[in-house]
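Participant: Chains as they are written, first to last, in this note's numbering: chain V, 10 to 161; chain Y, 4 to 325. Structure provided below as structure tokens; questions to follow.
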């Protein structure tokens, strides 16, 4: 059983994990840059509407940025570890970490949509649905289609 | 043909539609199709959402204004896709400032000066959904190759098909896998359209629910039917080529290649635009036409093209060395 051949779908799932982990890295960099640069932006040549928008962003509690960065880092680690787990068909690293990512992913998207202001990705929209699809799909696939493939 | 068995085809189709996620191509298709479909919808819905947020007051009279404003926004997309206006004309008509265009006083329905087809899609049906359908009609044929490219070639290459041939005939495998691919593609199409419709109905609330449901059902059936000839083409390619990678490349060269050749060729020599008719590109939007005759012809077109691609593939697969 230990040398059971890895199905192509599991490899695809791992590749998608690595792609989304890459997006999380970009998210962390973007949020860190926004957080540090926001107070230093020169608003001289801007229109009143643009200035108001910058002001709104500056009024956001910095801890929200920190929490958002934290969530991205956690998802990055979970995606990376579970991706490696899928490739090696590991029970703990693949199935368990993958399930944790799936559950946290669904909860995280709902939490971000409901708690965070729209300027930092809050509010329920089609993007939230896109964000929820992959963790939900991971949960479903790991517990049905690939249930017997993560055995090492 | 005498060796075909309905029960075998049904069993193979059922297991293929389940196995396709395990094999990876189904999973890739599911993700790409969902992301493509929902992102396309998001691009069109986002300005409308911002506009509604600005307006705040969503009374019935305001709703009518919002609907007309959406028509102004979606008009260039629809007119270009239907061939009513050229790219240059559409570019000239495009508003400089999207939000101001939406806020400006809407034009009365009867003085819009649309042709019958544009008017049907923009005025008589939910314009936002019509524009989303046109984008899906354009994009999904490219996306479906990710699902359909490996109906047979992978198993031919690995010789795995020989084990299956001990239990059933080649024709049953060919048609069973084709049907299984259709089932999976249809389920994904249903999911995409259901999510978009649900979102429009529950979040935006600018169109009556029944109108949204009716039009989305039409769009779903049209899009599902449109996928048939493209899946059949991939079945033919997959039955003819041993390597799944080569099968994928060839499918991805033919489907966009026909469209690009026609688009570029018509500049040099106008009749080259008819190359589009080698695939459904030339007439596929008629699946959203107001005239029942156009609709029926497009529907028949889907079935005829499917048969044209499917049958040679079947004969190739029957005769080839496995």
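Idealized CB from N, CA, C, for every residue including glycine.
Give the straight-line distance between the Cα atoms of residue 248 of chain Y and residue 266 of chain Y, rounded to the nearest whole angstrom.
Facilitator: Here the question's residue 248 of chain Y lines up with position 245 in the second chain. Here the question's residue 266 of chain Y lines up with position 263 in the second chain. Whole-angstrom Cα-Cα distance: 27 angstroms.
Participant: Suppose contacts are defined by Cβ-Cβ distances below 7 angstroms. Is residue 242 of chain Y in contact with residue 320 of chain Y by that definition?
Facilitator: In the second chain, residue 242 of chain Y corresponds to position 239, counting from 1. In the second chain, residue 320 of chain Y corresponds to position 317, counting from 1. Their beta carbons are under 7 angstroms apart, which means residue 242 of chain Y touches residue 320 of chain Y by this criterion.
Participant: Please name the residue in V:49, V:159, V:126, V:142 whose C-alpha comes closest to that of residue 114 of chain V.
Facilitator: Here residue 114 of chain V is taken as the residue at index 105 of the first chain, counted from 1. Checked all of V:49, V:159, V:126, V:142; the closest Cα to residue 114 of chain V is V:142.
Participant: Thinking residue 145 of chain Y and residue 193 of chain Y are a contact (beta carbons under 8 angstroms), I'd like their distance in whole angstroms, please.
Facilitator: As a position in the second chain, residue 145 of chain Y is number 142, starting the count at 1. As a position in the second chain, residue 193 of chain Y is number 190, starting the count at 1. Incorrect: roughly 19 angstroms between the Cβ atoms, too far for contact.
Participant: Count the C-beta pairs between the region 168 to 175 of chain Y and the region 5 to 12 of chain Y that are closer than 8 angstroms, then say yes if the count reaches three, no if not.
Facilitator: Yes: at least three Cβ pairs fall under 8 angstroms.
Participant: Does the separation of the CB atoms of residue 312 of chain Y and residue 152 of chain Y fall below 7 angstroms?
Facilitator: Counted from its first residue, the second chain places residue 312 of chain Y at position 309. Counted from its first residue, the second chain places residue 152 of chain Y at position 149. No, these two residues do not count as a Cβ contact at 7 angstroms.
Participant: Return helix, strand or coil for residue 17 of chain Y, following the three-state DSSP convention.
Facilitator: Taking the first residue of the second chain as 1, we reach residue 17 of chain Y at position 14. Correct three-state label for residue 17 of chain Y: helix.
Participant: What does the Cβ neighbour count give for residue 71 of chain Y, buried or exposed, with the cut at 16 atoms within 10 Å?
Facilitator: The count along the second chain starts at 1 and reaches residue 71 of chain Y at position 68. So residue 71 of chain Y counts as buried.
Participant: Identify the contact partners of residue 38 of chain Y in chain V, using a Cβ-Cβ distance below 7 angstroms as the criterion.
Facilitator: For the purposes of this step, residue 38 of chain Y is taken as residue 35 along the second chain, with counting starting at 1. Near residue 38 of chain Y (Cβ distances below 7 angstroms), the residues of chain V are 139.
Participant: Have a look at V:44, V:138, V:161 and flag the residue whose alpha-carbon is nearest the alpha-carbon of residue 203 of chain Y.
Facilitator: Here the question's residue 203 of chain Y lines up with position 200 in the second chain. Among V:44, V:138, V:161, the Cα nearest to that of residue 203 of chain Y is on V:138.
Participant: Counting only runs that start and end within the region 155 to 179 of chain Y, where is the alpha helix (DSSP H) found for 4 or more residues in a row?
Facilitator: Complete alpha helix (DSSP H) runs here, min 4: 156 to 161, 164 to 167.
Participant: Mind checking the region 295 to 317 of chain Y against chain V and listing, in chain order, the residues whose C-beta falls within less than 7 angstroms of any C-beta there?
Facilitator: Within the region 295 to 317 of chain Y, no residue has a Cβ that lies closer than 7 angstroms to any Cβ of chain V.
Participant: DSSP three-state call for residue 53 of chain Y: helix, strand or coil?
Facilitator: Numbered from 1 along the second chain, position 50 holds the residue referred to as residue 53 of chain Y. If DSSP states are grouped into helix, strand and coil, residue 53 of chain Y belongs with the helices.
Participant: Taking CB distances under 7 angstroms as the criterion, tell me whether residue 114 of chain V reaches chain Y.
Facilitator: Residue mapping note: residue 114 of chain V aligns to position 105 of the first chain, counting from 1. With 7 angstroms as the cut-off, residue 114 of chain V does not count as an interface residue toward chain Y.
Participant: Which of the three DSSP states is assigned to residue 88 of chain V in this structure?
Facilitator: Locating residue 88 of chain V in the first chain gives position 79, where the first residue counts as 1. In this structure, residue 88 of chain V counts as helix in the three-state DSSP scheme.
Participant: Please go through the same chain and pick out, in chain order, the residues whose beta-carbon is closer than 6 angstroms to the beta-carbon of residue 22 of chain V, but skip the five residues on each side of it.
Facilitator: For the purposes of this step, residue 22 of chain V is taken as residue 13 along the first chain, with counting starting at 1. Correct list, in chain order: 95.
Participant: Classify residue 99 of chain V as buried or exposed, calling it buried when 16 or more other Cβ atoms lie within 10 Å of its own Cβ.
Facilitator: Sequence index remark: in the first chain, residue 99 of chain V carries index 90 (1-based). Buried, since its Cβ has 16 or more Cβ neighbours within 10 Å.
Participant: For chain Y, check one thing: does any of its Cβ atoms lie closer than 7 angstroms to the Cβ of residue 16 of chain V?
Facilitator: Working through the first chain from its first residue, we reach residue 16 of chain V at position 7. Yes, because at least one Cβ of chain Y sits closer than 7 angstroms to the Cβ of residue 16 of chain V.
Participant: In whole angstroms, give me the CA-to-CA distance for residue 110 of chain V and residue 116 of chain V.
Facilitator: For the purposes of this step, residue 110 of chain V is identified with residue 101 of the first chain, where counting begins at 1. For the purposes of this step, residue 116 of chain V is identified with residue 107 of the first chain, where counting begins at 1. Their backbone Cα atoms lie some 10 angstroms apart in a straight line.
Participant: Which same chain residues end up closer than 7 angstroms to residue 255 of chain Y when comparing Cβ atoms and leaving out the 5 residues on each side of it in sequence?
Facilitator: What you label residue 255 of chain Y is simply residue 252 of the second chain in a count that begins at 1. Result list for residue 255 of chain Y: 148, in chain order.
Participant: Using a Cβ-Cβ cut-off of less than 7 angstroms, list which residues of the region 17 to 38 of chain V approach chain Y; keep chain order.
Facilitator: Result list: 17, 18, 20, 21, 22, 25.
Participant: Could you tell me if residue 303 of chain Y is buried or exposed, where buried requires 16 or more neighbouring beta carbons within 10 angstroms of its beta carbon?
Facilitator: Locating residue 303 of chain Y in the second chain gives position 300, where the first residue counts as 1. Exposed.
Participant: Can you pull the chain Y neighbours of residue 135 of chain V, defined as C-beta to C-beta under 7 angstroms?
Facilitator: Along the first chain, read from residue 1 onward, the residue named residue 135 of chain V stands at position 126. Those are 41, 44, 45, 48, 202, listed as they occur along chain Y.
Participant: So residue 151 of chain V is in the alpha helix (DSSP H); what residue range does that whole segment cover?
Facilitator: Position 142 of the first chain, counted from the start, is the residue given in the question as residue 151 of chain V. Unbroken alpha helix (DSSP H) run through residue 151 of chain V: 135 to 152.
Participant: Going by other Cβ atoms of all chains shown within 10 Å of its Cβ, with 16 needed for buried, is residue 132 of chain Y buried or exposed?
Facilitator: What you label residue 132 of chain Y is simply residue 129 of the second chain in a count that begins at 1. Answer is buried; the Cβ neighbour count reaches 16.
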